[in-house]
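Contents: one structure, followed by commentary.
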């Protein structure tokens with residue numbers, strides 16, 4: 001799951017805290033101050049007028065730290081002081097100047113003082129609705145340091161009919177001051193339309209690697225770092241299965257491979273420069289056979305990586321746990337012109353020999369794949385219908401015209417929603433017209449419903465559930481627990497083992513009793529492939545016991561596992577094989593696992609990789625749902641293709657019984673560029 005977690009002030013955690021639903025995203029450029037700025041006195045030219053401290057003092061400065069800290073622009077900046085809570089900061093009321101259902105851009109220049117370590121600085125909206133309800137909406141965040149000024153930028157859509165709105169900065173721990181040089185909040189400019197990507201002269205289905213079969217020795221290959229490269233025989237002769245459908249030619253491999261020895265760093269590897277072979281906005285599939293000579297020190301991570309002007313790009317990962325050949329797959333896309341691009345295979349510990357055979361980098365032909373999927377979809381989703389007419393003379397029916405109109409889709413397709421979304425009439429209309437399932441973005445999570453021990457907030461979830469019920473929307477329950485420690489609220493993290501067990505039981509009792517029969521699914525313990533907070537503290541049985549207790553309290557919903565990167569080979573922690581093993585282990589302990597959640601946060605979706613993962617998961621015989629689909633290319637044409645690829649692959653696979661988008665719109669879920 002992609003998410004942001006805020007530690008807020010004590011009373012603030014008791015309110016509904018919105019994680020910027022259609023609300024937050026990073027902008028690529030700053031926002032200039034001007035008449036459109038709704039922030040008054042944005043550069044402190046008029047002292048501290050219109051500004052105040054939020055639970056702390058503020059001061060006007062022209063320098064700090066014996067003159068080492070100076071304003072980045074202008075003559076002054078403001079600093080906080082005496083803060084004792086993370087929510088302490090500097091604020092300004094903007095009631096009456098911010099308009100409902102408009103998108104805004106924030107740009108502020110900030111830094112911290114009093115701590116050499118970096119820490120989060122957040123921009124937050126406090127919103128009091130006309131009915132008195134309070135909300136806290138995170139609109140931007142940045143890692144700030146005491147070394148330099150940084151840009152805090154965000155883009156958000158304001159939905160609420162409000163009687164009071166305050167914008168403020170918060171986040172650093174007690175004793176660390178926030179420094180603010182300037183702040184601008186203005187109407188967001190409409191993003192210019194993306195030009196269609198240039199798809200001319202692309203040889204789809206053709207490997208762009210030079211000498212990938214090593215028929216010409218080491219020609220085209222070089223060592224990354226002072227390791228030794230050589231060629232040997234004994235690799236598989238068959239193509240990696242995930243590459244077969246993507247390649248135009250299916251000639252077998254020759255069994256030769258490259259081996260990197262004398263490796264003293266994990267990144268030491270064979271590499272090849274491919275700068276001139278890469279086209280912008282084209283999705284490339286990665287495929288190879290890989291192996292290590294030793295797993296005595298434990299499983300080894302192997303990663304196909306790209307260096308793009310010294311920036312790392314992940315091209316796929318696999319874990320080698322035995323002395324055998326492994327298929328590695330993945331994908332990537334370059335969206336900015338680079339001066340140098342290299343591809344290399346890295347990862348194993350120093351001293352471990354690394355072997356690579358048949359490395360393929362293939363431009364993906366989406367149109368050809370979609371043609372294949374259309375035929376497969378017809379086979380999986382369509383059925384013959386026999387229409388019998390009665391009550392009329394047979395002769396009268398000859399030559400009659402029969403028209404059948406489908407008025408409703410039965411296949412589940414839904415979207416994530418948040419409480420503030422349903423205050424926006426246009427959002428509601430689009431959601432109700434296009435989806436038959438919903439899932440709450442944050443409002444059912446434990447850190448939201450019980451931010452402090454014994455202080456509950458189910459109002460937002462109640463209102464969302466009521467909205468869905470009134471509009472005939474079925475609902476997934478996301479989630480009862482979250483196994484990743486950073487998603488666990490501080491009071492839960494501080495509990496002793498016995499008290500944590502009591503808190504877990506209470507969470508199950510309160511949630512499952514309150515909403516008995518109301519949710520069709522529950523994600524019981526989110527992302528167990530990526531976290532182990534509860535298991536580490538309460539023992540291996542706790543995961544299965546969560547499932548068993550949930551079913552005892554509410555036998556109606558299907559109980560799901562849910563995790564990310566299962567479908568794209570980007571993360572060796574969450575391969576389909578590891579997911580299957582986890583599910584079988586839970587079932588062996590008596591856990592009533594009723595469904596498999598595949599989140600679908602695929603950055604560069606490739607059909608054959610997704611289909612391969614679904615084939616493996618489908619063997620378990622459990623319904624598979626894509627639970628959090630999103631796409632995020634900077635080019636809207638590519639985003640459309642990515643979304644179509646995800647939806648078509650899901651709909652064409654017989655194991656998939658539903659799919660959920662993780663939101664929609666140009667300001668959704670922390671990204672400027674998303675669907």
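Residue numbers (full-length UniProt numbering): 1 to 675.
Each residue gets a CB set at the ideal place from its N, CA and C atoms; glycine is no exception.
Because the structure is a prediction, the values reported are computed rather than measured.
Terminal residues of the continuous alpha helix (DSSP H) containing residue i?
i           : result
residue 221 : Counting along the chain, residue 221 falls outside any alpha helix (DSSP H), and DSSP gives it neither H nor E.
residue 374 : 366–381
residue 227 : Counting along the chain, residue 227 falls outside any alpha helix (DSSP H), and DSSP gives it neither H nor E.
residue 587 : 576–588
residue 479 : Element bounds for residue 479: not the alpha helix (DSSP H) but the beta strand (DSSP E), 474–482.
residue 449 : 446–449
residue 429 : 425–434
residue 534 : 533–538
residue 511 : 497–514
Here's a check: name, in chain order, each residue in its chain whose Cβ is nearer than 6 angstroms to the Cβ of residue i, leaving out the five neighbours to either side.
i           : result
residue 432 : 471
residue 683 : Residue coverage of the chain in this structure runs from 1 to 675, which leaves residue 683 outside it and unanswerable.
residue 673 : Residue confidence for residue 673 is low, a pLDDT of 49 falling below 50, so the modelled location carries little weight; the figure read from the coordinates is stated next. If we look at residue 673 and ignore the five residues flanking it on each side, its Cβ neighbours are 632, 634.
residue 474 : 437, 520
residue 656 : 624, 650
residue 605 : 642, 645, 646
residue 254 : 213
Can the beta-carbon of residue i be found closer than 8 angstroms to that of residue j?
i           : j           : result
residue 149 : residue 90  : no
residue 85  : residue 172 : no
residue 521 : residue 555 : no
residue 271 : residue 342 : yes
residue 652 : residue 377 : yes
residue 152 : residue 142 : yes
residue 138 : residue 119 : no
residue 258 : residue 356 : yes
residue 485 : residue 517 : no
residue 331 : residue 285 : yes
residue 161 : residue 100 : yes
residue 73  : residue 111 : no
residue 525 : residue 481 : yes
residue 39  : residue 165 : no
Would you kindly work out how many angstroms separate the C-alpha atoms of residue i and residue j, rounded to a whole number?
i           : j           : result
residue 579 : residue 181 : 48 angstroms
residue 274 : residue 113 : 44 angstroms
residue 561 : residue 627 : 11 angstroms
residue 463 : residue 420 : 10 angstroms
residue 507 : residue 305 : 42 angstroms
residue 661 : residue 596 : 16 angstroms
residue 230 : residue 236 : 17 angstroms
residue 12  : residue 48  : The pLDDT assigned to residue 12 is 39, lower than 50, so where the model puts this residue is not dependable; a value taken from the coordinates is nonetheless given after this. Whole-angstrom Cα-Cα distance: 25 angstroms.
residue 679 : residue 577 : Examination of residue 679 is not possible in this model, given that the chain is present from 1 through 675 alone.
residue 266 : residue 303 : 10 angstroms
residue 224 : residue 574 : 28 angstroms
residue 681 : residue 53  : There is no way to answer for residue 681, as the model of the chain reaches only from 1 to 675.
residue 659 : residue 414 : 6 angstroms
residue 466 : residue 192 : 38 angstroms
residue 548 : residue 621 : 20 angstroms
residue 246 : residue 533 : 40 angstroms
residue 194 : residue 336 : 13 angstroms
For residue i, which residues of its own chain have a beta-carbon under 8 angstroms away from its beta-carbon, when the five flanking residues on both sides are left out?
i           : result
residue 241 : 327, 612
residue 537 : 497, 500
State the start and end residues of the unbroken beta strand (DSSP E) segment that holds residue i.
i           : result
residue 260 : 256–261
residue 649 : No beta strand (DSSP E) holds residue 649; the alpha helix (DSSP H) holding it covers 636–652.
residue 413 : 413–417
residue 315 : 311–320
Which term fits residue i, buried or exposed, when burial requires 16 or more other beta carbons within 10 angstroms of its beta carbon?
i           : result
residue 251 : exposed
residue 630 : buried
residue 445 : buried
residue 215 : exposed
residue 79  : buried
residue 226 : exposed
residue 593 : buried
residue 77  : buried
residue 25  : Annotation note: pLDDT 32 at residue 25 (below 50); position unreliable, coordinate value reported separately. Classification for residue 25: buried.
residue 617 : buried
residue 207 : buried
Using a Cβ-Cβ distance under 8 angstroms, would residue i count as near chain C?
i           : result
residue 369 : Of the chains in the structure shown, none is chain C; there is only one protein chain.
Leaving out five residues on either side along the sequence, give the residues of the same chain with a beta carbon under 7 angstroms from the beta carbon of residue i.
i           : result
residue 366 : 641, 645
residue 541 : 589
residue 308 : 334, 338, 341
residue 551 : 559, 592
residue 264 : 350
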